[in-house]
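Protein chains: 2
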Amino acid sequence: MTKGEETRQMIIKSAAPIFNKKGIAATAMSDIMDATKLSKGSLYVHFENKDELALTVIDYNMQLLGSRVFEALSKASSARDKLIAYIDVLSTPVNPIVEGGCPMLNFGMEADDTNEVVTKKVNEGVVFSQQIISDIIKKGIDEGEFSNEWNYKDFAVVMFAMIEGGQLICRVARNNRKMQVIKANLLEQISRWEL
Amino acid sequence: MTKGEETRQMIIKSAAPIFNKKGIAATAMSDIMDATKLSKGSLYVHFENKDELALTVIDYNMQLLGSRVFEALSKASSARDKLIAYIDVLSTPVNPIVEGGCPMLNFGMEADDTNEVVTKKVNEGVVFSQQIISDIIKKGIDEGEFSNEWNYKDFAVVMFAMIEGGQLICRVARNNRKMQVIKANLLEQISRWEL
DNA sequence: AGTAAAAATGACCAATCGGTCATAAACGAA
DNA sequence: TTCGTTTATGACCGATTGGTCATTTTTACT
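Residue numbers (the UniProt record's numbering), protein chains in the order written: chain R, 1 to 195; chain L, 1 to 195.
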């Protein structure tokens, strides 16, 4: 990796939690200068403008979330355990696995009325997340763990929505308690299709 | 109502959709000047600063949402129908009942890492929303419509989370389809406790 | 109609915004 | 070691930000 590419990655890593916490509009290039200890001119060597940096950081945050989720999933073997792992890894919104909380929720809500590019990016993440859940269940059905009458695609929508809604509830409540209520309901729904 | 109070209300009404769409940070006082056709000095006659205006507007948006929900609820009589009305009135996130979408989601996600006052305000709205759902079911139980074994407080958390999560999904997808999947799942859970 | 208070105006302010660019330093292939 | 290229610097730019205030206009009460 060249020196330039190393600096670019350092900028992204440093900027990621800032954008995810403050949002795109409220994050100033001066914030990134402070975090990276780089001069303004140097930032603009690696990124055309603030928008390009923001888009790159959104990608980074969503991929970081994805890799954290996959890491958790890999520790479980059965489909049921993978679903539980998925829930568990996202069940502490106040101490989130990605600094600042779920980037889809953060950037999606900021951008949905103002920024079509970001909105599309977030939508892809949302669709992908549901696909992950969907794939886990499908495999479970194929391997005889769940009933093949389960409308698992619809359940993936429900499960994703519940977890994201739980993020809102817990983040503004400043505690993770309600996430356990959500987990219990999901487990109950899952168990109903177990063979 | 004095002229001053009239102007103040006009400012709030004009500013409400702007803040709800763009967010607090991205909304400039000049945006409010344009929308109200008032001079900058006049705005500062009625509000100490941008922050006070923003807080007032957040309250306005949340109360507007509340009154729209109550209006919908009043048209239903049974507890089941009230729950359905609650879901239905929030099931078009792309064409929301409050311009810009759910203010709890919008302001909550913007503020949770940066603004304690707004976060607390949103949390109160979140708690209140769950209370509304909870109260509907409680009345349904008392009147023999639902089983008294239903843990309705937990269900209120789940229902609220699902609807808010659905807002994210639909808003970034630019269509309301997935909200029907969520509605169906909620209806199925509700029907399980009907007598 | 007279008048004191309230409301509206817009020029003005310092600070900050995103972004540029001439210059210097550091890098890396020969 | 040389030397063209890449990277880093920070002063600088115009635009915009939130906010102020002396002045004028409007309101509302007597």
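Virtual Cβ for every residue (Gly too), placed ideally from N, Cα, C.
Values in this document were obtained by computation on a predicted structure and should not be read as measured data.
Are the C-beta atoms of L/M162 and some chain R residue less than 8 Å apart?
Using a Cβ-Cβ cut-off of 8 Å, L/M162 counts as an interface residue toward chain R, since at least one Cβ of chain R sits closer than that to its own.
Alpha helix (DSSP H) runs wholly inside the stretch 33-82 of chain R, at least 4 long, in chain order:
Runs found: 40-46, 50-74.
Same chain, Cβ closer than 8 Å to L/K121, five either side skipped, listed in chain order:
Within its own chain, the residues whose Cβ lies closer than 8 Å to the Cβ of L/K121, once the five positions on either side in sequence are excluded, are L55, I58, D59, M62, F107, listed in chain order.
Under 7 Å, CB to CB, which of the residues in the UniProt domain "HTH tetR-type" (5-65) of chain L have a partner in chain R?
Going along the UniProt domain "HTH tetR-type" (5-65) of chain L in chain order, one finds K21, K22, G23, A25, A26 with a Cβ nearer than 7 Å to chain R.
Suppose the cutoff is 8 Å on Cβ atoms and the five residues either side in sequence are ignored; what does the same chain contact list for L/Q180 look like?
Excluding residues within five positions, the ones whose Cβ falls inside 8 Å are S91.
By the DSSP assignment, the alpha helix (DSSP H) with L/G23 in it spans what residues?
Annotation: L/G23 is outside any alpha helix (DSSP H) and is labelled neither H nor E by DSSP.
Pull up the DSSP beta-bridge partners for R/E194, would you.
Under DSSP, the beta-bridge partners assigned to R/E194 are R/F146.
Measure the C-alpha to C-alpha separation of L/S14 and L/P96 and round it to an integer number of angstroms.
When the Cα atoms are used, L/S14 and L/P96 turn out to be separated by approximately 17 Å.
If I measure Cβ to Cβ from L/I190 and keep anything under 7 Å in the same chain, skipping five residues before and after, which residues do I get?
By the criterion of a C-beta distance shorter than 7 Å, L/I190 is surrounded in its chain by R80, L83, once the five residues flanking it on both sides are discounted.
L/G144 to L/T114, Cα distance in whole Å?
In this structure, the alpha-carbon of L/G144 lies about 46 Å from that of L/T114.
Restricting to runs no shorter than 3 residues, where is the beta strand (DSSP E) found entirely within the stretch 113-176 of chain R?
The stretch 113-176 of chain R contains no whole beta strand (DSSP E) run of 3 or more residues.
Please state the DSSP three-state secondary structure of L/E5.
Helix at L/E5.
Taking the continuous alpha helix (DSSP H) assigned at L/E110, which residues delimit it?
Counted as a single uninterrupted DSSP element, the alpha helix (DSSP H) harbouring L/E110 occupies residues 103-111.
Pick from L/F19, L/L64, L/I87: whose alpha carbon is nearest that of L/A184?
Ranking L/F19, L/L64, L/I87 by Cα distance to L/A184 puts L/I87 first.
Going by the CB atoms, is the gap between R/I137 and R/F155 shorter than 8 Å?
Their beta carbons are under 8 Å apart, which means R/F155 touches R/I137 by this criterion.
Whose Cβ in chain R lies nearer than 8 Å to the Cβ of L/K178?
Those are V157, A161, listed as they occur along chain R.
Using a 10 Å radius around the Cβ and a threshold of 16 neighbouring Cβ atoms, would you call L/L168 buried or exposed?
With 16 or more Cβ atoms within 10 Å of its Cβ, L/L168 is classed as buried.
Check the Cβ-Cβ distances between R/T119 and every residue of chain L, and say whether any is below 8 Å.
It does: the Cβ of R/T119 has a partner Cβ on chain L nearer than 8 Å.
Chain L beta carbons: is any one of them nearer than 8 Å to that of R/M1?
Taking Cβ atoms only, chain L never reaches closer than 8 Å to R/M1, which makes this a no.
Whole-number beta carbon distance between R/G125 and L/A25, since they are thought to touch under 8 Å:
Contact check for L/A25 and R/G125: beta-carbon distance about 23 Å, past the 8 Å limit, so the pair fails to qualify.
I need the DSSP call for R/S91, collapsed to helix, strand or coil.
Coil, per DSSP.
Between the C-alpha atoms of L/E164 and L/L38, what's the straight-line distance to the nearest angstrom?
L/E164 and L/L38: Cα-Cα distance of roughly 35 Å.
Assign L/E110 to buried or exposed, taking buried as 16 or more other Cβ atoms, counted over all protein chains shown, within 10 Å of its Cβ.
So L/E110 counts as buried.
Is it true that the CB of L/V89 sits closer than 8 Å to the CB of L/N176?
Remark: C-beta atoms of L/N176 and L/V89 do not approach each other more closely than 8 Å.
Proximal chain R residues relative to L/V181, where beta-carbon distance stays under 8 Å
In chain order: D154, V157, V158.
L/E99 - DSSP class collapsed to helix/strand/coil:
Looking at L/E99 - three-state DSSP - the assignment turns out to be coil, as it is neither helix nor strand.
Does the beta carbon of R/T92 sit closer than 8 Å to a beta carbon anywhere in chain L?
Proximity of R/T92 to chain L, defined by a Cβ-Cβ separation below 8 Å, is not satisfied.
Using the rule of at least 16 other Cβ atoms within 10 Å of the residue's Cβ for burial, across every protein chain shown, is L/S129 buried or exposed?
Buried, by the Cβ-count rule.
Which listed residue (R/D112, R/S147, R/E194) has its alpha carbon closest to that of L/A173:
Cα-wise, what sits closest to L/A173 is R/D112.
At least one CB of chain R closer than 8 Å to the CB of L/D112: is that the case?
Yes - at least one Cβ of chain R is within 8 Å of the one on L/D112.
Here's a check: name, in chain order, each residue in its chain whose Cβ is nearer than 7 Å to the Cβ of R/W193, leaving out the five neighbours to either side.
Taken in chain order, the residues that qualify are F146, S147, W150.
Kindly indicate if chain R contains any beta-carbon less than 8 Å away from that of L/V89.
Answer no: the Cβ-Cβ gap between L/V89 and chain R never drops below 8 Å.
CA-to-CA distance, L/R171 to residue 231 of chain L, given in whole angstroms
Shown here, chain L extends from 1 to 195; a query on residue 231 of chain L therefore has no answer.
Sorted by chain position, which residues of the same chain lie with C-beta nearer than 8 Å to L/R68's C-beta, five sequence neighbours on each side aside?
V89, I97, V98.
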